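Numbering (full-length UniProt numbering), first residue to last: 1 to 346.
First comes the structure, then the notes that go with it.
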């Protein structure tokens, strides 16, 4: 037997091994060399469908130079996997095929794909109805219960999908539609399967039971709040609180006071006659003089009122005296020709 015949026989034996391991999940598209097959892979959940959130169908097509060259690997179909996770899955399998070059790798690639998809077996993203995350990023917060549609693996919060199904039923009843079909998936528009309809019906029954239970609890709570014992306790608490407030025994938050630049503060009630004139000089900057006999108001510091008489008269005279033009020293005024006075002013 030549080398090529040995390789071909080994590849065909490998295809039979894949078919024996995965059974109906494996579909042989081309049995001759180079073979072409697809495998339906699911996460390892001990065949519990309620705990399965993702699945995929991968295709493996061998080339003529297989196993020297890795086969062509692609994703034929997937459920519960977004584009990012699909790319991660296909890149990981292709990287594994490059590492196993020159070896028979069909079974190894399928097992590696199952391991990867088992790690990604969780719902990701937001609920399409309420747009809140299905699984909270904060580990301390408690996630809301959600359900998965078996037909397309799209996940929704249980409360959201139950309200949506109730609305559909009300619409059918109002329109007189006798169709008992619940509806389609809000995302991909696939029809609900029998399992989906049964699951939604169970959620509706549970939701109605919880609603009736909550209504009974609310009625009991109202009766308790209106009983005599609760009214006496509430009145005693209000009376004690009022006594503490009158005695200044409560630490209440202070009201914020906003003070802005150039804001006039309220005037003090101190009589003006009791304030001496000597205290006027104690003010620094921020004093505003209105007239010769006027009110002195400060923008910053304590609010006091002062009266004074012509305190700036001397300052005004000194200011205007400095602005008068004087002849420069050691210079004389030269009179014009034809002037009557010949005296020069020093």
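Every residue gets a Cβ at the ideal spot worked out from N, C-alpha and C, and that includes glycine.
Quantities reported herein were computed from a predicted structural model and do not represent experimental measurements.
Next on the checklist: Which residue marks the beginning of the alpha helix (DSSP H) containing residue 83, and which one marks its end?
Outcome noted: Here the question's residue 83 lines up with position 83 in the chain shown. 83-99 is the span of the alpha helix (DSSP H), which, as asked, contains residue 83.
Item to check | First and last residue of the uninterrupted beta strand (DSSP E) at residue 77 | outcome: Position 77 of the chain shown holds residue 77. First-last of the beta strand (DSSP E) with residue 77: 72-79.
Checklist entry - Nearest to residue 65 by alpha carbon, out of 59, 77, 93 and 104? => result If you number the chain shown from 1, residue 65 lands on position 65. The shortest C-alpha separation from residue 65 is found at 104.
Item to check | Candidates 150, 185 and 173: closest to residue 160 by CA position | outcome: Taking the chain shown and counting its residues from 1, the one referred to as residue 160 is at position 160. When only C-alpha atoms are compared, the closest one is 185.
Checklist entry - Between 69, 84, 85 and 8, which lies nearest to residue 96 when the distance is taken from Cα to Cα? => result Numbered from its first residue, the chain shown carries residue 96 at position 96. Comparing Cα-Cα distances from residue 96 to each of 69, 84, 85 and 8, the minimum goes to 69.
Checklist entry - Which first and last residues belong to the beta strand (DSSP E) in which residue 350 is found? => result Residue 350 is absent from the model: the chain starts at 1 and stops at 346.
Next on the checklist: Am I right that residue 153 and residue 54 are in contact with their C-beta atoms under 8 Å? What's the rounded C-beta distance?
Outcome noted: Along the chain shown, read from residue 1 onward, the residue named residue 153 stands at position 153. Along the chain shown, read from residue 1 onward, the residue named residue 54 stands at position 54. Yes, they are in contact, since the Cβ atoms of residue 153 and residue 54 sit about 7 Å apart, within 8 Å.
Item to check | Limits of the beta strand (DSSP E) - the one that residue 61 falls within | outcome: Working through the chain shown from its first residue, we reach residue 61 at position 61. Counting along the chain, the beta strand (DSSP E) containing residue 61 begins and ends at 55-61.
Item to check | C-beta contact flag for residue 93 and residue 113 at 8 Å | outcome: Walking along the chain shown from the start, residue 93 turns up at place 93. Walking along the chain shown from the start, residue 113 turns up at place 113. Contact: yes.
Checklist entry - If you draw a straight line from the alpha carbon of residue 40 to that of residue 135, how long is it in whole angstroms? => result For the purposes of this step, residue 40 is taken as residue 40 along the chain shown, with counting starting at 1. For the purposes of this step, residue 135 is taken as residue 135 along the chain shown, with counting starting at 1. For residue 40 and residue 135, the distance between alpha carbons rounds to 26 Å.
Checklist entry - From 38, 33, 31 and 13, pick the residue whose C-alpha is nearest to that of residue 25; which is it? => result For the purposes of this step, residue 25 is taken as residue 25 along the chain shown, with counting starting at 1. Among 38, 33, 31 and 13, the Cα nearest to that of residue 25 is on 38.
Next on the checklist: Tell me the rounded alpha-carbon separation between residue 67 and residue 168.
Outcome noted: Within the chain shown, residue 67 is the residue found at index 67, counting from 1. Within the chain shown, residue 168 is the residue found at index 168, counting from 1. Their Cα atoms are separated by approximately 55 Å.
Next on the checklist: Quick check on residue 39: does DSSP put it in helix, strand or coil?
Outcome noted: Residue numbering aside, residue 39 sits at position 39 when the chain shown is read from its first letter. Residue 39 falls in the strand class under three-state DSSP.
Item to check | C-beta contact flag for residue 75 and residue 60 at 8 Å | outcome: As a first step, residue 75 must be located in the chain shown, where it is residue number 75. As a first step, residue 60 must be located in the chain shown, where it is residue number 60. No, the pair does not count as a contact, with Cβ atoms beyond the cut-off.
Next on the checklist: Can you give me the C-alpha to C-alpha distance between residue 87 and residue 111, rounded to a whole angstrom?
Outcome noted: Along the chain shown, one-based indexing puts residue 87 at 87. Along the chain shown, one-based indexing puts residue 111 at 111. Straight-line Cα distance between these residues: approximately 18 Å.
Next on the checklist: Assuming contact is defined by CB atoms lying nearer than 8 Å, are residue 156 and residue 129 in contact in what I supplied?
Outcome noted: Locating residue 156 in the chain shown gives position 156, counting from the first residue. Locating residue 129 in the chain shown gives position 129, counting from the first residue. Yes, the Cβ-Cβ distance between residue 156 and residue 129 is below 8 Å.
Checklist entry - In the DSSP assignment, what residue or residues form a beta bridge with residue 157? => result One-based indexing of the chain shown puts residue 157 at position 157. For residue 157, which the question treats as bridged, DSSP gives the partners 146.
Checklist entry - Ordered along the chain, which non-local residues of its own chain (more than five positions away) have a Cβ less than 7 Å from that of residue 29? => result The residue you call residue 29 lines up with position 29 of the chain shown. For residue 29, where only same-chain residues beyond five positions count, the Cβ hits under 7 Å are 36, 37 and 38.
Item to check | N- and C-terminal bounds of the alpha helix (DSSP H) containing residue 233 | outcome: On the chain shown, residue 233 is found 233 positions in, with the first residue counted as 1. Per DSSP, residue 233 belongs to the alpha helix (DSSP H) from 228-246.
Next on the checklist: On the DSSP bridge list, what partners appear for residue 28?
Outcome noted: The residue given as residue 28 occupies position 28 in the chain shown. 37, per the DSSP bridge assignment.
Next on the checklist: Just to confirm my understanding: we take residue 352, look at its own chain, exclude 5 residues before and 5 after, and list those with CB closer than 6 Å. What are they?
Outcome noted: Absent from the structure is residue 352, since the part of the chain shown begins at 1 and ends at 346.
Item to check | Best match in 245, 258, 165 and 17 for proximity to residue 192 [C-alpha to C-alpha] | outcome: Taking the chain shown and counting its residues from 1, one reaches residue 192 at position 192. If we check each option's Cα against that of residue 192, 165 comes out closest.
Next on the checklist: Tell me the DSSP secondary structure of residue 166 in three-state form.
Outcome noted: In the chain shown, the residue the question calls residue 166 occupies position 166. Residue state, collapsed to three classes: helix.
Next on the checklist: My output table needs one value for residue 198: the three-state DSSP class, helix, strand or coil.
Outcome noted: The count along the chain shown starts at 1 and reaches residue 198 at position 198. It is helical.
Checklist entry - Going by beta carbon distance, what residues of the same chain come within less than 7 Å of residue 10, once the five residues before and after it are set aside? => result Taking the chain shown and counting its residues from 1, the one referred to as residue 10 is at position 10. Same-chain partners within the cutoff: 104.
Next on the checklist: At a threshold of 7 Å, does residue 184 count as lining the ligand SAH (C-beta to nearest heavy atom)?
Outcome noted: The ligand SAH is not among the ligands present in this structure, which contains no ligands whatsoever.
Item to check | Cα-Cα separation between residue 347 and residue 4, rounded to whole angstroms | outcome: Given that the chain is displayed from residue 1 to residue 346, the structure contains no residue 347 and the question cannot be resolved.
Item to check | Cα-Cα separation, residue 34 to residue 77 | outcome: Along the chain shown, one-based indexing puts residue 34 at 34. Along the chain shown, one-based indexing puts residue 77 at 77. Roughly 22 Å between the two C-alpha positions.
Checklist entry - What number of angstroms, rounded off, separates the C-alpha of residue 121 from the C-alpha of residue 79? => result The residue labelled residue 121 in the question sits at position 121 within the chain shown. The residue labelled residue 79 in the question sits at position 79 within the chain shown. When rounded, the distance between both Cα atoms is 11 Å.
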